[in-house]
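Colleague: Structure in structure tokens, see below.
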Amino acid sequence: MKKPPYSDDIFFRELKIGRAHEVIVGEALRRHKIKCTFETEVECDSDFEERQKKYAGSPDIVLANGDVIEVKSRNLDFDDDPDSFPYPTVFVETVSSWKGHKPTPLAVVNISQITGDMLVIMGYDEPNWTMEKKFDRVRGIYDTWYMADKEQLETFDFLVEYIKANAKKKK
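At position 27 of the sequence shown (counting the first as 1) the number is 28 in the numbering used here, and the numbers step up by one without a gap.
Structure representation (structure tokens):
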């Protein structure tokens, strides 16, 4: 049986925090009349391999046309202005997680756990991202991350308008 790289307590705590913020983003999209689906509950499966099957590559939010939005809740203080982001680069997602998504996400919404404000990295910017090995202080592990320059951040309103302009193109 494969062992998790960090404790079940950490996994479930972070899953619950993440899920709560996915709901906030999904509800914000719905307020803008964007049809989408997202999970609201957390199932605490204690078997690591079963969790891997269930959560690896699973989309956070799925739009009506099949596009996917990923959500990253961040314990950082920023508002809805990209200039307010406190660092010159932004964690997008681990390289392995990003490559595991089918389809590739349209965008990654970063939501502040402090302010509730949201900033967005568009998936079409992937060619401009870099890869960096970073230490995850919460989970106590190293992983390779896609990183975007702060200048690639967009507002949540930009994402809403982008979705509305492109919503019917995929179905």
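The beta carbon of each residue, even a glycine, is placed where N, CA and C say it ideally should be. Nothing here was measured: the structure is a model prediction, and the numbers come from that model.
Counting pairs of beta carbons, one from the segment 25-41 and one from the segment 75-88, are three or more of them closer than 8 Å?
Modeller: With a cut-off of 8 Å, the segment 75-88 and the segment 25-41 do not count as touching, because too few Cβ pairs lie within range.
Colleague: In whole angstroms, what separates the C-alpha of N66 from that of K165?
Modeller: The alpha-carbon atoms of N66 and K165 are separated by roughly 11 Å.
Colleague: May I have the straight-line CA-CA distance separating D126 from R20, to the nearest angstrom?
Modeller: Taking the straight line joining both Cα atoms gives about 25 Å.
Colleague: Just tell me which of K17, H102, D137 has its CA closest to the CA of E71.
Modeller: Checked all of K17, H102, D137; the closest Cα to E71 is H102.
Colleague: Report the partner residues of V113 according to the DSSP bridge assignment.
Modeller: Looking at the sequence provided, one finds Ser at residue 113 rather than Val. Answer is R75.
Colleague: Quick check on this structure: which residue in P104, K100, D78 has the alpha carbon closest to the alpha carbon of I62?
Modeller: Checking every option, the nearest Cα to that of I62 belongs to P104.
Colleague: For D80, which of helix, strand or coil comes out of DSSP?
Modeller: The answer is coil: DSSP assigns D80 none of H, G, I, E or B.
Colleague: With a CB to CB cut of under 8 Å and the five nearest residues on each side skipped, what residues in its chain are close to P60?
Modeller: For P60, where only same-chain residues beyond five positions count, the Cβ hits under 8 Å are V69, I70, E71, H102, P106.
Colleague: Could you please give the first and the last residue of the uninterrupted alpha helix (DSSP H) stretch that includes I164?
Modeller: Looking at the DSSP string, the run of the alpha helix (DSSP H) that includes I164 is 157-167.
Colleague: Leaving aside the five residues before and after T90 along the sequence, list all residues of the same chain whose C-beta is less than 7 Å from its C-beta, in chain order.
Modeller: Result list for T90: M148, A149, D150, K151, in chain order.
Colleague: Can you tell me where the alpha helix (DSSP H) with G99 in it begins and where it stops?
Modeller: Before going further, note that residue 99 is Trp rather than Gly in the sequence given. It spans 96-101 - the alpha helix (DSSP H) in which W99 sits, taken as one unbroken run.
Colleague: Return the chain-ordered list of same chain residues with a C-beta closer than 7 Å to the C-beta of Q153, the five sequence neighbours on each side being excluded.
Modeller: Same-chain partners within the cutoff: I122, D126, N129.
Colleague: Could you check the C-alpha separation between P87 and S113 for me, to the nearest Å?
Modeller: Near 11 Å, if we compare the C-alpha coordinates of S113 and P87.
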